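What follows is a set of notes on a single structure, which appears directly below.
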Amino acid sequence: MILIKVSILFLDHFLHSTSQTQIDEIRFSMPVKISQIRILRSGCIPHPTLPNLQGFKSSTQISPITGLEIYFRDISKFGSNLDLIGKFENLNEKPSSNDTCIYSEELLFTDHLLFKGIYCNLSICVYGERIVQNLFILV
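Just so we're aligned: the sequence shown equals residues 9 to 147 in the numbering used here.
In structure tokens:
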């Protein structure tokens with residue numbers, strides 16, 4: 009059996025005073041491989057069993073999140089611009105759900121995510137793993 013260690017790479021809120029077209033970015037300090045992105049609903053606790061996340065509560069309000077587009081910079085392609093992961097017209101269609109999970113059919117190797125859409129508050133949780141580059145010096 010092969011075990012893959014997936015961890016939380018990012019967990020935070022984007023807060024704005026008005027619900028209009030917003031652009032928010034996540035820049036990672038090192039390359040990462042993303043397996044899942046979650047848009048957390050109001051009051052959602054991503055992992056109640058993890059002690060260091062007990063105090064985190066989503067701030068994403070009931071207010072509409074429309075036209076959300078998520079982009080990433082594909083570091084596996086030299087000189088890559090931002091590529092679209094997906095576009096979500098209305099994330100409030102299932103109000104009983106605590107979050108919206110976004111998976112990609114392919115692995116996302118990146119150091120940069122961009123969120124664009126009409127929203128006031130957005131709580132994001134990104135799962136994946138850091139890519140550690142081994143450098144060998146031959147003497």
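From the three backbone atoms N, C-alpha and C, an ideal C-beta is built for every residue, glycine too. These numbers come from a predicted model, not from an experiment.
Looking at C-alpha atoms only, which residue of the options is the closest neighbour of residue i?
i	options	result
L121	N129, Y127, C133	C133
V40	S25, D91, S15, R49	S15
T74	L19, I31, R81	I31
I93	F36, D20, Y79	Y79
F22	S131, P72, F86	S131
I34	F86, V140, F18	F18
N3	D119, K95, P72, E97	The structure shown has nothing for residue 3, since the chain only spans 9 to 147.
E97	M38, I139, P72, Q44	P72
T29	N129, V140, G136, E137	N129
Am I right that residue i and residue j are in contact with their C-beta atoms under 8 angstroms? What's the rounded C-beta distance?
i	j	result
I83	F123	About 18 angstroms separates the two Cβ atoms, so there is no contact after all.
C109	R46	5 angstroms
L99	L115	Contact doesn't hold; Cβ gap of about 24 angstroms is too wide.
In terms of residue numbering, what span does the beta strand (DSSP E) encompassing residue i cover?
i	result
N89	Note, N89: premise wrong, no beta strand (DSSP E); not H, not E.
R35	15-48
E114	No beta strand (DSSP E) contains E114, which DSSP labels as neither H nor E.
So, are the CB atoms of residue i and residue j less than 9 angstroms apart?
i	j	result
I126	S27	yes
S43	Y135	yes
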